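Working notes, structure below.
Numbering (full-length UniProt numbering), first residue to last: 1 to 174.
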């Protein structure tokens, strides 16, 4: 697909996503991508632990909003921040490698693509089960890394946002 093309996934519940391609015919491989996304979303939110990369002390930033989303739902969440010792009253760790149990922790990423790429590399090396790249955290290099490293069944990318879709997915897990 050309880099200018976008696939948009939309739907009421994670299991009812429909793909809309701006450059490919209806029913193309994008429908499969969105179905895959729904499966990975369920895998992601089934984790016993979560981490957020990209939260800060700035309340207007989406990373902080995502961290607060987990806290409001009583999820075990650890902010990852290279400088701050705590965010929203929760102790931080400096990197994915510093998480207590990375192989049991799904990670939300709300960072510029250059930082996202480094987080993906760490997560792959530490067998993180699932990652959710919030809108804006990926670019062509990040998507290439995901595909080249066989991570498509572990990474949500391309548009879905936990702030929009998270509650519906959690309800579907009950």
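Ideal placement from N, C-alpha and C gives every residue a C-beta, glycine not left out. Remember, predicted model here, so these are calculated numbers, not experimental data.
Inter-residue Cα distance where the pair is residue i and residue j
i, j, result
"residue 42", "residue 106", "11 Å"
"residue 48", "residue 138", "25 Å"
"residue 165", "residue 141", "25 Å"
"residue 67", "residue 145", "25 Å"
"residue 69", "residue 102", "20 Å"
"residue 57", "residue 114", "21 Å"
Under 7 Å between C-beta atoms of residue i and residue j
i, j, result
"residue 44", "residue 132", "yes"
"residue 93", "residue 99", "yes"
"residue 169", "residue 134", "no"
"residue 127", "residue 52", "no"
Cross-strand partners of residue i (DSSP beta bridge)
i, result
"residue 132", "108 and 156"
"residue 86", "91"
"residue 78", "51"
DSSP three-state assignment for residue i, whether helix, strand or coil
i, result
"residue 123", "helix"
Residues of its chain near residue i, where Cβ-Cβ distance is below 6 Å and the 5 sequence neighbours each way are ignored
i, result
"residue 76", "49"
Contacting residues, own chain, Cβ-Cβ under 8 Å from residue i (five flanking each side not counted)
i, result
"residue 203", "This structure does not reach residue 203, given that the chain is present from 1 up to 174, and the question cannot be answered."
"residue 64", "55, 56, 57, 58, 87 and 88"
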